[in-house]
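Participant: What follows is a single structure, and I will ask about it in a moment.
In this note's numbering, the protein residues as written are 1 to 235.
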């Protein structure tokens, strides 16, 4: 049914493309070659891009199948498909058993050979049903364990990523603390310089002699050397 729908869709698209071609040929006149050339270029470019994208996706799919995650997903998909397949077959077997039992119950005057064949078929169908049920149980258990392993692996990877993130945050924290300490030290030093200059400026303003001014200058140099020495010691 799906193939028939696809075929019908292609027929409709081809018909629409033909009608568009006739329209362009009839009404576009001299512009038709240019438009046709443009359409061809776009079609070739689109086809090339489609092929390139298809090749890239197939390469990525092949590469992923070689990884632990890819192999795990492949096994999970396989288990799901087997569960679906065996459940479907189990349903068909139940219908066959039900049909045989119904015919035996309503059939009168059945030959012994026919009844024995029907009973034999029912038993064989029941054996196949148990086998399908056993397979479903097995693949459901395998699916559960594979999904648990996948969740555990994802959590382990997430923990590793978060540990790296926490490490970066801690490193940034230590760096911030060092910068804050350096800034505090610089602010204290600058405050000391400013207080010294203010103090000597007040003394200079109240001084009336050259000797006092020279003395204050020497004092400023001495205090500057002391502050510089402290700064060098702290560094």
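The C-beta atom is built at its ideal place from N, Cα and C for all residues, glycine as well. Predicted, not measured: the structure shown is a model, and the values here were computed from it.
Contact between the region 75 to 89 and the region 116 to 124: three or more CB pairs below 8 Å?
Facilitator: With the cut-off at 8 Å, the region 75 to 89 and the region 116 to 124 do not touch.
Participant: Just to confirm before moving on: does the CB-CB distance between residue 93 and residue 132 stay below 8 Å?
Facilitator: Closer than 8 Å, so yes.
Participant: If contacts are defined as beta-carbon pairs under 8 Å, then residue 149 and residue 72 qualify, I think. What distance do you get, rounded to the angstrom?
Facilitator: So it is a contact: roughly 7 Å between Cβ atoms.
Participant: Thinking C-beta only, is residue 143 closer than 8 Å to residue 58?
Facilitator: Contact flag unset, no.
Participant: On a CA-only basis, which of 90, 117 and 42 is nearest residue 134? Give me that one, please.
Facilitator: The residue with the shortest Cα to Cα distance from residue 134 is 90.
Participant: Could you name each continuous alpha helix (DSSP H) segment of 4 residues or more that falls completely within the region 51 to 114, going from the start of the chain to the end?
Facilitator: Counting only runs of 4 or more, we get 68 to 106.
Participant: On the premise that residue 118 lies in contact with residue 129, defined as a C-beta separation below 8 Å, what is that separation, rounded to the nearest angstrom?
Facilitator: Actually they are not in contact, since the Cβ atoms of residue 129 and residue 118 sit about 16 Å apart, beyond 8 Å.
Participant: Report the option in 49, 56, 219 and 184 whose CA atom is closest to the CA atom of residue 198.
Facilitator: Checking every option, the nearest Cα to that of residue 198 belongs to 219.
Participant: Taking just the CA atoms, how far does residue 178 sit from residue 164?
Facilitator: Their Cα atoms are separated by approximately 21 Å.
Participant: What number of angstroms, rounded off, separates the C-alpha of residue 42 from the C-alpha of residue 15?
Facilitator: Answer to the nearest angstrom: the Cα atoms are 20 Å apart.
Participant: Keeping to the same chain, check which residues put their C-beta closer than 7 Å to that of residue 195; ignore five residues upstream and five downstream.
Facilitator: Same-chain partners within the cutoff: there are none.
Participant: Please report the distance separating the alpha-carbon of residue 20 from that of residue 54.
Facilitator: Distance between the alpha carbons of residue 20 and residue 54 is about 28 Å.
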